[in-house]
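Data block below; observations after.
There are 2 protein chains.
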Amino acid sequence: MIDEHQEKLTHYLAAFIEELVGNGVDEVVISPGSRSTPLALLFAHHPGVKTYTNVDERSAAFFGLGIAKAKKKPVAILCSSGTAGANYYPAVIEARYGKVPLIVLTADRPHELREVGAPQAINQIDLYGKHVKWSVDMALPESIPSMVKYARSSAARGVSISTGYPQGPVHYNFPFREPLIPNLQQVEFTSYQSVKTVIQGDRQLPSGYQHDLLDQLKKSNRGIVVCGPGIGEDAVQSIIAFAEEYGLPILADPLSFVRNGSHSKGNIMDCYDTFIRVDELKESLHPDLVIRFGAMPVSKALMLFLKSMPDIPTWVVSNGEEWQDPTARGTHYIQCEENLFCQAFIGKNDKPDREWLEYWVGVNDETKGLLNDGHESWDEGKAVHHLIRHLPDGATLFSSNSMPIRDLDTFLFTDDRSIRIFANRGANGIDGVVSTALGMSTGSQSMYLLIGDLAFFHDLNGLLTARKYQLDMTIIVMNNNGGGIFSYLPQATDQTHFEDLFGTPMDLDFAHAAKLYGAGYSKVSAEEEFIPALMEADQYKGINIIEVMTNREENVANHRKLWNFVSREMTRKMKGGYRDSSSE
Amino acid sequence: MIDEHQEKLTHYLAAFIEELVGNGVDEVVISPGSRSTPLALLFAHHPGVKTYTNVDERSAAFFGLGIAKAKKKPVAILCSSGTAGANYYPAVIEARYGKVPLIVLTADRPHELREVGAPQAINQIDLYGKHVKWSVDMALPESIPSMVKYARSSAARGVSISTGYPQGPVHYNFPFREPLIPNLQQVEFTSYQSVKTVIQGDRQLPSGYQHDLLDQLKKSNRGIVVCGPGIGEDAVQSIIAFAEEYGLPILADPLSFVRNGSHSKGNIMDCYDTFIRVDELKESLHPDLVIRFGAMPVSKALMLFLKSMPDIPTWVVSNGEEWQDPTARGTHYIQCEENLFCQAFIGKNDKPDREWLEYWVGVNDETKGLLNDGHESWDEGKAVHHLIRHLPDGATLFSSNSMPIRDLDTFLFTDDRSIRIFANRGANGIDGVVSTALGMSTGSQSMYLLIGDLAFFHDLNGLLTARKYQLDMTIIVMNNNGGGIFSYLPQATDQTHFEDLFGTPMDLDFAHAAKLYGAGYSKVSAEEEFIPALMEADQYKGINIIEVMTNREENVANHRKLWNFVSREMTRKMKGGYRDSSSE
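In the order they appear, the protein sequences are chains A and B.
Residue 1 is where the first sequence starts when you use this note's numbering, and the numbers rise one by one after that.
Residue 585 is where the second sequence starts when you use this note's numbering, and the numbers rise one by one after that.
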């Protein structure tokens, strides 16, 4: 047990320190204490770190501040639990207003010893209030790979935030359990070169990094681009040109603005959420370089796929200071406007290799054919399929979260119409969806909303505004009488409390709601009624509600049937997989 | 200008310090600085204050902590702006966990010099996070009486919180404009006895204070009791016995549980909201002692009446640590369970004087007669009047905020039925009213909700729960098509933007909402339809909605007409006013 505890402590913190050092933090001012022992010992053990000790934390912090100011680099300060950290406060505030990158490390009691009168245990969470740029209460040390990645990622992130404009202090609070002694025998700080690189651009990619990245890009034979929500619409052309030049398939989320429009679509994958689930294909599809733009796509299958890969270079390109990498697999965090990022590489590759891309295109095309062939029954997916085909050029479709966005992910295929898809993917809530779409309708022509019955109910009151300001929108309510997404989750297998806690059927007839708010209304129960209902809604101004009656169980069964069908056929068709000619 | 500025600074801070001293803070540790000059000079000038100076704020704070620990009393520490206050942090945290009453005073820049790069201006608001029991950013100094009262009140309050169980630090942040020199000539710290007394009981009134208060009570000839919302239901009997023994009229808010029930009602005033508006009566009704229980009553007329009085003893009795005194007129803040407070005085007065009470009873009875006689037209008030009479014994009526609670205040007359009136008066919102009432219905028989159309619309979704759990409730919706209360406010006189910004008519037919949620429904447009509708609703289980159609303009006109009628008649009838026989 003690060995296991010690191993966790050692690997987790060694990774954290290695990462700090790799990102330029190689001086630390330590104020002696007990709880901070593991970090103190590991810092001292690192051959590349210069340590100073100072018993007065207030002086220690200002001393660290002085080093940082003189050498223009981030400096760490480390102290024990209790009021020790409070003595850092004046220097932390000076660092904030003086714009000095200070990495503040406070040790803390573990959660079970907080607020129970343990000695030197005070509430250290957010100890410096608004006076630090970032504050994090770290997880307890663990040595499984994902947690070691988390330690690395957190270290790189803090240094990045601290040294980002305007520079300033960041705060890590580390809870530790006793015993507090790491096993220094287990540590080899061999690699001083961090596996994480944080590249801070002022919108532009710093030229110093361009060569390294280009080199990595050219060496790669199996690169992929992943486009999530939140990419600037004006970056689409550049991303496509970049991917075309380097032969990279683009896995494009429905909210990325990449699937639809007049741009060329030879590289765009629109069925990955389906084919990436096929076990027999996974290995063939494994990339050797991932370049991500925007937030994580909605596809859970893609997220699992990316997590399952061996360590490969993963560039997370972000048009801001976000750290959009819940997989913690990023090796490069690149803060740069997507457009300018792509421009830095365009026109620098003379012999593009098409084989890898063509394999992906083949898989994608086969899948699309199967999705069309295999989708027989009338269900929510089929309705979404018809809705997309019906949308006029220039339409805006707002998608609710939960099932609608997932159905869009499956059935929104690339085409040349200019169709813009939006959703609230900041916090992914099902609240306020009707009102957000109505707000968007004030600046859009041909406005449509795709929404489930729960989300529609949640913001029913939003319709009052539509009537007051005479807004125009067609609302397609997928009424499966409750929370459809839960039927896809593990709790659906045990029916004991399922309907009450998750299914939550409401048994509402939205015809009454339409009357209350003076909206047009039609109810659709069969496939042949849907298109006529859409066409009729297009004839009328104001709010038109089309209530599509579906069934939760059937939806799940159909979805699973379709995935199984695709999986079976793809396994048969794509036998042999992809063989990289360059590695032969 | 400078004189005026100096006068503000001087009177405001002298009052604050006098109040600190009056509440036992007579030692202060000062760390020299510029911004803190006015407080430093005034502390030094106070003959009853012992000052210490210490240039290191960290040491100064711990030194102050030591005094407080040794002498078991609250001690103040004062420093300048900027990181000075941050140096207090370790001692503040020690005081919190060590339970030491420390009064932390930090000087700050005024608002216009914050976050604009002024020297030594950091964000000092909530500087100590969760580590102080109370933190307040004070108003800039002003010398008008209400602001001097606020300074006094804040001082007394902070000491009270700091010395209350468990003892701990409190933080005042004081913004000051230059010049920073008070006029010491203007200050006379003559009264070391504070005008505020904070009496902290551990539920019980400390016996040491009993004699003084009893003395004050016996000397009074014109005392009144004010009962607001939030009084314990089990305290009603004691409050009444107390008021009866001392001949005190009880001004009882509709949410005080005092107006209705089987207890004796000889002292209870239920029409004060109306008669207190009558200018000619005000002087006759002026009390010489006010004893308040619970929160401030809903009546704005009462609030204005209490504010308009000359300085008189005002006891704010609170069953907890609240400081429920927006008028800032309290002279005694007494933390004591209401029941135990009253018991401390019962049986100690042998010759109760009835004259004062009888005058109030006469005024109240006359008013009630006039309210009944003068109220001819059918309107919301009339509906409330009928609703109250209809309620069965044991009923619970939940009132929405805004107009319903005000109509109840006017028309809820004392009677012997056990009717319990509730409302959300914590933050007085119109959100969630339907759901709160439905929640209450799970623990009440004969549940009624009185609500306006805006609040009803706001929580329409709440009705889903009623259907799901088969809850029973009759909802009386006063539909005046918009925000009725605004018609009583000054903005109603200029109609330019009134309907759009305040009236907010919704033109909703709630019959559709009733259908959507499967509720019983009837619409009432005339007086003779209302009682039958209530009786019919009582026959059916589930939710019954009675929509009472009213008119905003007519409601206001009727209300004003009624008040004018009462005022005219009362002025005529009560000519001569009350003459205190004891003062003749």
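Don't be surprised by glycine CBs; every beta carbon is placed ideally from N, CA and C.
As the structure is a computational prediction, the values presented were derived from the model and not from experiment.
Residue range of the alpha helix (DSSP H) that includes LEU1022 of chain B: According to the DSSP assignment, LEU1022 of chain B belongs to the alpha helix (DSSP H) that extends over 1017-1025.
Alpha helix (DSSP H) runs contained entirely in the segment 410-475 of chain A, provided each spans 4 or more residues: As far as the segment 410-475 of chain A is concerned, its whole alpha helix (DSSP H) runs of at least 4 residues are 433-441, 453-458 and 463-468.
Under 7 Å by beta carbon: chain A residues contacting ARG761 of chain B: Chain A residues near ARG761 of chain B: none, gap ~21 Å exceeds 7 Å.
Secondary structure of PHE773 of chain B, DSSP reduced to three states: Secondary structure at PHE773 of chain B: coil, using DSSP grouped into helix, strand and coil.
Within-9 Å CB hit, GLY82 of chain A to chain B: With 9 Å as the cut-off, GLY82 of chain A counts as an interface residue toward chain B.
Helix, strand or coil at PHE600 of chain B [DSSP, three-state]: Helix.
Nonlocal neighbours in the same chain, by C-beta distance under 7 Å from ALA68 of chain A, ignoring five residues either side: In its chain, beyond the 5 residues on either side, PRO74, VAL75, VAL100, PRO101 and LEU102 have a beta carbon closer than 7 Å to the beta carbon of ALA68 of chain A.
Continuous alpha helix (DSSP H) stretch holding CYS342 of chain A: start and end: From DSSP, the alpha helix (DSSP H) with CYS342 of chain A extends over 338-343.
Three-way DSSP call (helix, strand, coil) for LEU371 of chain A in this model: Residue state, collapsed to three classes: helix.
Per-residue contacts from LYS130 of chain A into chain B (C-beta, under 7 Å): Result: ASN707.
Pairwise C-alpha distance: SER615 of chain B and GLU1168 of chain B: Summary for GLU1168 of chain B: the model assigns pLDDT 40, below 50, so the residue's position carries little reliability, and this model does not support an answer.
Straight-line gap, VAL433 of chain A to ILE276 of chain A (C-alpha atoms, nearest Å): Cα-Cα distance, rounded: 30 Å.
Nonlocal neighbours in the same chain, by C-beta distance under 6 Å from ASN757 of chain B, ignoring five residues either side: For ASN757 of chain B, where only same-chain residues beyond five positions count, the Cβ hits under 6 Å are THR690, ASP692, GLN708 and ASP721.
Minimum Cβ-Cβ distance from LYS575 of chain A to chain B less than 9 Å: With 9 Å as the cut-off, LYS575 of chain A does not count as an interface residue toward chain B.
Any C-beta of chain B under 9 Å from that of MET506 of chain A: Answer yes: the Cβ-Cβ gap between MET506 of chain A and chain B drops below 9 Å somewhere.
Selected residue, minimal CA-CA separation from THR274 of chain A, among A:ARG157, A:TYR97, A:LYS300 and A:THR163: Closest option to THR274 of chain A, Cα to Cα, is A:LYS300.
Segments of 4+ residues assigned as alpha helix (DSSP H) that fall wholly inside the segment 77-101 of chain A: Counting whole runs of 4 or more residues, the segment 77-101 of chain A contains the alpha helix (DSSP H) stretches 89-98.
Cβ-based contacts, 7 Å cut-off: residues of the segment 79-111 of chain A near chain B: Interface annotation for the segment 79-111 of chain A against chain B: THR83, ALA86, ASN87, TYR89, PRO90, ILE93, GLU94 and TYR97, criterion Cβ-Cβ distance under 7 Å.
LEU839 of chain B vs VAL809 of chain B beta-carbon contact at 9 Å: Against a cut-off of 9 Å, the Cβ pair of VAL809 of chain B and LEU839 of chain B comes out as no contact.
is_contact[LEU797 of chain B, chain A] using C-beta, thresh 9 Å: No, no contact with chain A.
Chain-ordered chain A contacts of ASN767 of chain B [CB-CB under 9 Å]: Correct list: empty, because the minimum Cβ distance to chain A is about 34 Å.
LEU981 of chain B in three-state terms, based on DSSP: In the three-state reduction of the DSSP assignment, LEU981 of chain B falls in the strand class.
Where ARG642 of chain B meets chain A, residues with beta-carbon distance less than 8 Å: From the beta-carbon of ARG642 of chain B, the residues of chain A found nearer than 8 Å are ARG58 and ASN87.
Interface residues of chain A facing HIS1081 of chain B [CB-CB closer than 9 Å]: What HIS1081 of chain B touches in chain A: nothing, since even the nearest Cβ is about 15 Å away.
For ILE815 of chain B, the nearest candidate out of B:PRO790, B:ILE783, B:GLN800 and B:CYS920 (CA to CA): Ranking B:PRO790, B:ILE783, B:GLN800 and B:CYS920 by Cα distance to ILE815 of chain B puts B:CYS920 first.
For GLU641 of chain B and GLY666 of chain B, the rounded distance between their alpha carbons: Whole-angstrom Cα-Cα distance: 12 Å.
Assigned secondary structure, ASN805 of chain B (DSSP; H/G/I helix, E/B strand, else coil): When DSSP states are grouped into helix, strand and coil, ASN805 of chain B belongs to the coil group.
Three-state class that DSSP yields for GLN335 of chain A in the structure shown: Here GLN335 of chain A sits in strand by DSSP.
Length-filtered (3 minimum) beta strand (DSSP E) runs lying within the segment 267-327 of chain A: Listed in chain order, they are 289-293 and 314-318.
Backbone CA spacing between GLN470 of chain A and TYR448 of chain A [nearest angstrom]: Cα to Cα, GLN470 of chain A sits roughly 15 Å from TYR448 of chain A.
Helix, strand or coil at LYS50 of chain A [DSSP, three-state]: Correct three-state label for LYS50 of chain A: strand.
Min CB distance ASN564 of chain A to chain B below 9 Å: Not flagged as an interface residue toward chain B: ASN564 of chain A, since no C-beta distance is shorter than 9 Å.
Against chain B: residues of the segment 459-477 of chain A by CB proximity under 7 Å: Under the 7 Å Cβ criterion, the segment 459-477 of chain A contributes LEU460, ASN461 and LEU464.
Local conformation of MET1119 of chain B per DSSP, three classes: Helix, per DSSP.
Cβ of LYS515 of chain A within 9 Å of any chain B Cβ: At least one beta carbon of chain B lies nearer than 9 Å to the beta carbon of LYS515 of chain A.
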